[in-house]
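Residue numbers are given in our numbering: position 13 of the sequence shown equals residue 26, and the series is strictly consecutive.
Beta carbons: idealized from backbone N, C-alpha and C, even for Gly.
Have a look at the structure below before the remarks.
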Amino acid sequence: MTKFPMGWDAAALDWITIDQLEFDCIIGIYPHERAQVQPVQINLRLGVTPVSEAARADDIAATVDYQRVCEASMAVAQTGQFQLVETLALSIVAALFEQFPLAAIQIKVSKPLALPYTQGVGIELMRRAPAAHTDEI
């Protein structure tokens with residue numbers, strides 16, 4: 014068992030990061046965007062209670078499973094049809110808060126092919142868990 018310094022800030026948040034999760038979905042306001050899937054890229058920062066316990070146990074069951082987060086995010090995107098990246102971002106955030114013990118989520122959703130003269134357009138936002146949810150953390 015690994016030992017870690019005692020007395021770390023109990024109110025601290027640690028951040029799990031998932032970078033450049035890519036998948037295809039129906040998203041956009043124009044007819045050509047709604048006719049076929051297009052690539053979407055998301056970056057996630059997931060605020061979790063300090064990972065000390067998971068690190069001590071060295072056990073995935075004591076923390077948030079990154080693969081399950083990716084699968085949940087893709088399921089939201091691929092089972093819906095969205096007009097706005099804002100709607101997709103908030104839908105993913107709501108699903109993740111419902112399925113995982115998270116204190117905060119920062120998400121960036123980009124459409125890399127939306128405008129030919131850019132590398133992508135999108136939205137970045139941060140939300141804290143609803144008050145009822147934070148009691149479980």
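Every beta strand (DSSP E) of 3 residues or more that sits fully in the region 49-91 is shown, in chain order, as 51-61.
Annotation: the continuous beta strand (DSSP E) that includes Thr30 extends over Asp27 to Ile40.
Taking the Cα of Arg140 as reference, the smallest distance to any Cα among Pro114, Ala107, Ala127 and Val134 is reached at Ala107. For Gln112, the secondary structure class from DSSP, reduced to helix, strand or coil, is helix. Take the alpha-carbon of Leu103 and the one of Thr92: they are about 15 angstroms apart. Sorting Thr30, Asp37, Gly60 and Leu59 by C-alpha distance to the C-alpha of Val53 places Asp37 at the top. Counting the other Cβ atoms within 10 Å of the Cβ of Leu138 gives fewer than 16, which makes it exposed.
Rounded to whole angstroms, the Cβ separation of Val82 and Val61 is 11 angstroms, and the two are not in contact under 8 angstroms.
Counting along the chain, the unbroken alpha helix (DSSP H) around Pro44 starts and ends at Pro44 to Arg47. Gln96 and Glu35 have their alpha carbons spaced roughly 18 angstroms apart.
Measuring C-alpha to C-alpha distances from Ile55 to each of Ala142, Ala144, Thr30 and Ile73 identifies Thr30 as the nearest.
Listed as beta-bridge partners of Ala102 by DSSP are no residues whatsoever.
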